[in-house]
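Reminder that position 112 of the sequence shown reads as 112 in UniProt numbering, one-by-one numbering, no gaps. What follows is one structure encoded as structure tokens, with my remarks underneath.
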Amino acid sequence: MPPSRTIQAQDPGSTSTVPANPIHPDFLESLDQDFIDFYNATLGKAAPDKNASLEEVRKQRANYHSRGVRKLSQAVCVEDIKLQADDGYLFTVRLYKPDSRASPYGTGPYPVHINFHGGGFTFGDLNSDAKICMAIRNRLGILVADVDYRLRPEHALGKGHDDSWTAVQYIYSHGEEVNGRSDSISIGGISAGGQIAAVTQQRARDAGIPLKLAFLGVPVTASHAHYEKASDSEFPSFVENEFAPCLNWARIMFYRENSETGAVDDEAERAALPEFYSSPINGNLEGVCETFVGTASADPLRDEGELYGQKLVAAGVKTTVRRYQGVPHPFMHMPLKKAEMYMHDLVGALRTAHGVGILKPIPTNLFTRRKVFQSAKQRRPFAAALPIRNGATRSWSWTPGRMGQAGKGHSTNT
1 MPPSRTIQAQ DPGSTSTVPA NPIHPDFLES LDQDFIDFYN ATLGKAAPDK
51 NASLEEVRKQ RANYHSRGVR KLSQAVCVED IKLQADDGYL FTVRLYKPDS
101 RASPYGTGPY PVHINFHGGG FTFGDLNSDA KICMAIRNRL GILVADVDYR
151 LRPEHALGKG HDDSWTAVQY IYSHGEEVNG RSDSISIGGI SAGGQIAAVT
201 QQRARDAGIP LKLAFLGVPV TASHAHYEKA SDSEFPSFVE NEFAPCLNWA
251 RIMFYRENSE TGAVDDEAER AALPEFYSSP INGNLEGVCE TFVGTASADP
301 LRDEGELYGQ KLVAAGVKTT VRRYQGVPHP FMHMPLKKAE MYMHDLVGAL
351 RTAHGVGILK PIPTNLFTRR KVFQSAKQRR PFAAALPIRN GATRSWSWTP
401 GRMGQAGKGH STNT
């Protein structure tokens, strides 16, 4: 009998070696062993709780993402600034500043990558992607801006998108105020953050703001509001992964229900929102920036992310789509080999998009606790050194033809 719809409630005091919330047996053969081991030792210890509230889940997720993250608002090379949205709302953008001794850009100005965190539009904060933001800054020597956008249901639909768009407009128009380059901006995010990035790349195209790259990790690209059950989806991955670990049909419904309960939306404003705000896959994709789409095999959102990539290709956009096999949504936050591969792909794509050079080595004795930057030789190798079986990760890319010629596509197994 399939498991009932549940939301995990973390039990820090559990010492049992048997998972209280085990992986559904249908997935044990297809998931990577390092994920299974990690899940059983951590996430699987959470006793299923049908009555967990949004606030409880927010607290659990905040505790999880804050592990190992210092109080960054007071850290060296990190600064929080306030921006004002069009409706007057003030929100925070956290800046991860490069060390001029290591960055190939010296004292700047620096290329800028703008990050939008995930969380089903209902939770997440500046700790959610802190480790990823620091890794990008440390490995590339560019400026990273992380946006603390408004969440549902406390704020109306689209307000989080507007905050994120305000951040892009600010960097483009006033980048010099934060030592950033307005001519070298990229955007990206995971899950809901990937959806925001997909919407934002379309808004940027319409506004004439050139972006170097949109990097979308396990993105939401279609609205699920009309689904009553997993089989209502037009995407086979919803049924295939209905009982997947981490993100499954029950959790998708939890996000949807909690984003609507007590929502403060103005119905007229909501009706006036463009369709691509909720379904970027249905937007006009012609002329948007180069895009990388990363999906996970054991993720209900897999097929809609890959279809978004296919539609980008059809619109003539230079696009790479990579499916990371054997992992669920959102694997990149876990200590897994595929997470290392994802970071390798992310850093590599940003390096190419911004034309970033090699970091300069700096004396290690300048840091008492740990090195903030590493030279190219000191950095840990990623995908090239990973013992990944043939076919473990599938990717394809397409480059538009020049002067009216047809584009060329290819697929690879790595």
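Cβ coordinates follow ideal geometry from the N, Cα and C atoms, glycine included. As the structure is a computational prediction, the values presented were derived from the model and not from experiment.
Nearest-angstrom Cβ-Cβ length linking residue i and residue j, presumed shorter than 8 Å
i: M332; j: G188; result: That belief does not hold up - the Cβ atoms of M332 and G188 are roughly 11 Å apart, past 8 Å.
i: L336; j: F38; result: 7 Å
i: K45; j: A20; result: 6 Å
i: V199; j: H161; result: 5 Å
i: H113; j: S186; result: 5 Å
i: L350; j: I136; result: 7 Å
i: F35; j: M334; result: 7 Å
i: R152; j: T107; result: Not a contact, Cβ separation roughly 40 Å.
i: G357; j: P104; result: 4 Å
i: A192; j: G305; result: Not a contact, Cβ separation roughly 13 Å.
i: F276; j: Q202; result: 6 Å
i: R150; j: F91; result: 7 Å
i: E269; j: A156; result: 6 Å
i: N258; j: L43; result: Actually they are not in contact, since the Cβ atoms of N258 and L43 sit about 20 Å apart, beyond 8 Å.
i: S184; j: P111; result: 4 Å
i: D163; j: A85; result: 5 Å
The alpha helix (DSSP H) enclosing residue i, as first and last residue numbers
i: G355; result: Looking at the DSSP string, G355 is not in any alpha helix (DSSP H), and its letter there is neither H nor E.
i: Y96; result: That residue, Y96, is in no alpha helix (DSSP H); its beta strand (DSSP E) goes 90–96.
i: E306; result: 302–314
i: T166; result: 159–174
i: L140; result: 130–140
i: E267; result: 267–272
For residue i, the residue or residues it bridges with in DSSP
i: F292; result: F215, T320
i: V78; result: Y96
i: A298; result: P328
i: Q84; result: L90
Span of the beta strand (DSSP E), counted from its first residue to its last, around residue i
i: T42; result: No beta strand (DSSP E) contains T42, which DSSP labels as neither H nor E.
i: I114; result: 110–116
i: A143; result: Residue identity check: residue 143 is Leu in the sequence provided, not Ala. Element bounds for L143: 143–148.
i: E29; result: That residue, E29, is in no beta strand (DSSP E); it is neither H nor E in DSSP.
Original post:
Would you call the region 93–105 and the region 146–157 in contact, with 3 or more CB pairs under 8 Å?
Top reply: With a cut-off of 8 Å, the region 146–157 and the region 93–105 count as touching, because enough Cβ pairs lie within range.
Subject >> Continuous beta strand (DSSP E) assignments of at least 3 residues falling wholly in the region 176–248 >> reply: Unbroken beta strand (DSSP E) stretches of 3 residues or longer found wholly inside the region 176–248: 180–190, 213–217, given in chain order.
Original post:
Does the count of Cβ pairs from the region 303–313 and the region 282–291 closer than 8 Å reach three?
Top reply: Below 8 Å, enough C-beta pairs join the region 303–313 and the region 282–291 to call them touching: three or more.
Original post:
Quick check: the region 319–332 against the region 289–307, are there 3 or more CB pairs under 8 Å?
Top reply: Yes, they touch.
Subject >> Stretch-stretch touch, CB-based, cutoff 8 Å, three pairs: the region 298–308 with the region 236–252 >> reply: With the cut-off at 8 Å, the region 298–308 and the region 236–252 touch.
Original post:
Between the region 343–357 and the region 201–215, do three or more beta carbon pairs fall short of 8 Å?
Top reply: Cβ pair count under 8 Å is three or more, so yes.
Original post:
Does the region 220–229 touch the region 168–180, meaning 3 or more C-beta pairs lie closer than 8 Å?
Top reply: These segments do not touch.
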